[in-house]
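Okay, so here's the structure we're looking at.
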Amino acid sequence: MIGVRQAEIQDNKLLAEIGAETFYDSFAADNTPEDIAAYLSASFNPVKQGTELADSQSRFLIAEINNEAVGYTHLRFSAVPKAVAGQKPIEIARFYVRKPWIGKGVGTYLMKGCLQEARAAGCDVIWLGVWEKNLRAIAFYRNWGFSKVGDQTFQLGNDLQQDLLMTRPLSIDEHDLVFGDKSSQL
3 MIGVRQAEIQ DNKLLAEIGA ETFYDSFAAD NTPEDIAAYL SASFNPVKQG
53 TELADSQSRF LIAEINNEAV GYTHLRFSAV PKAVAGQKPI EIARFYVRKP
103 WIGKGVGTYL MKGCLQEARA AGCDVIWLGV WEKNLRAIAF YRNWGFSKVG
153 DQTFQLGNDL QQDLLMTRPL SIDEHDLVFG DKSSQL
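Every position in the sequence shown, counted from 1, becomes a number in this note's numbering once 2 is added.
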């Protein structure tokens with residue numbers, strides 16, 4: 003059974019480990035080792051995750067199966083790109099599922115948790131940036147009612163990449179969505 007819980011400050015090492023592992027698994031094959039190494043060292047370490055966990059503008063959800071952490075999400079109130087409309091938007095800054103668990107429903111539980119957290123915080127729109135080459139993730143987000151509203155750049159080491167900006171109004175009822183095939187699940 004998949005469970006989702008709020009992360010606690012002592013989860014900083016766990017989040018750093020899952021973040022580095024899943025980012026590497028997802029993007030190493032399409033990027034240089036130097037760019038991946040630079041991003042991993044700057045983005046995933048217990049000190050950085052501890053700081054993020056302590057930030058009142060952030061919320062983390064951890065998915066677990068039999069007490070094993072299999073993924074997590076990081077929601078945050080942050081600067082909002084002009085393409086994102088809404089009175090009170092919230093960003094999905096990270097949405098990571100460990101490779102052996104992709105396609106097994108973990109992403110569904112994490113997304114439901116994100117939407118619940120966003121609604122509880124009084125948000126009216128949820129948004130994210132996703133690498134334009136990450137087709138599986140783009141399909142997953144589209145299945146959940148997200149649509150492209152613009153583009154933004156993402157710095158990976160020395161490589162300036164293009165992300166799609168996607169938003170979803172929180173007024174959409176998940177029961178009205180039609181989900182595609184399993185190949186687009188996270």
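We put the beta carbon where it would ideally sit given N, CA and C, even for glycine.
Predicted model only: the values in this text are computed from it and were never measured.
Does the beta-carbon of residue i have 16 or more other beta-carbons within 10 angstroms, so that it is buried, or is it exposed?
i: D13; result: buried
i: G182; result: Residue confidence for G182 is low, a pLDDT of 47 falling below 50, so the modelled location carries little weight and cannot support an answer.
i: T53; result: exposed
i: Q51; result: buried
i: P91; result: buried
i: E119; result: buried
i: E93; result: buried
i: L162; result: exposed
i: T75; result: buried
With a CB to CB cut of under 7 Å and the five nearest residues on each side skipped, what residues in its chain are close to residue i?
i: R121; result: L172
i: K135; result: D32
Give the straight-line distance between the Cα atoms of residue i and residue j, rounded to the nearest whole angstrom.
i: T24; j: G88; result: 30 Å
i: G73; j: F97; result: 8 Å
i: K125; j: N145; result: For the record, residue 125 in the displayed sequence is Cys; it is not Lys. Each residue's alpha carbon lies about 20 Å from the other.
i: K106; j: E19; result: 21 Å
i: N69; j: L130; result: 28 Å
i: D37; j: V82; result: 26 Å
i: Q8; j: I128; result: 18 Å
i: G109; j: S149; result: 18 Å
In its own chain, which residues sit with a C-beta less than 6 Å from the C-beta of residue i, not counting the 5 before and 5 after it?
i: R85; result: The residue asked about is misnamed: residue 85 is Ala in this sequence, not Arg. So the list reads V151, G152 and L167, once near-sequence residues are dropped.
Start and end of the beta strand (DSSP E) containing residue i?
i: A71; result: E70 to R78
i: S149; result: S149 to L158
Name the two residues that bound the continuous alpha helix (DSSP H) containing residue i.
i: P48; result: P48 to A56
i: E119; result: V108 to A122
i: I277; result: For residue 277 there is no data in the structure shown, the boundaries of the chain being 3 and 188.
Answer with yes or no whether the minimum CB distance from residue i to chain B is below 8 Å.
i: V151; result: Although the question refers to chain B, the structure presented lacks it and comprises just one protein chain.
Sorted by chain position, which residues of the same chain lie with C-beta nearer than 8 Å to residue i's C-beta, five sequence neighbours on each side aside?
i: S185; result: Note that S185 has pLDDT 43, beneath the 50 cutoff, so the model's placement of it is unreliable and the number below is only indicative. Excluding positions up to five away in sequence, the list reads G105, R138 and A141.
- Cβ contact check for the segment 101-109 and the segment 41-57: 3 or more pairs under 8 Å: no
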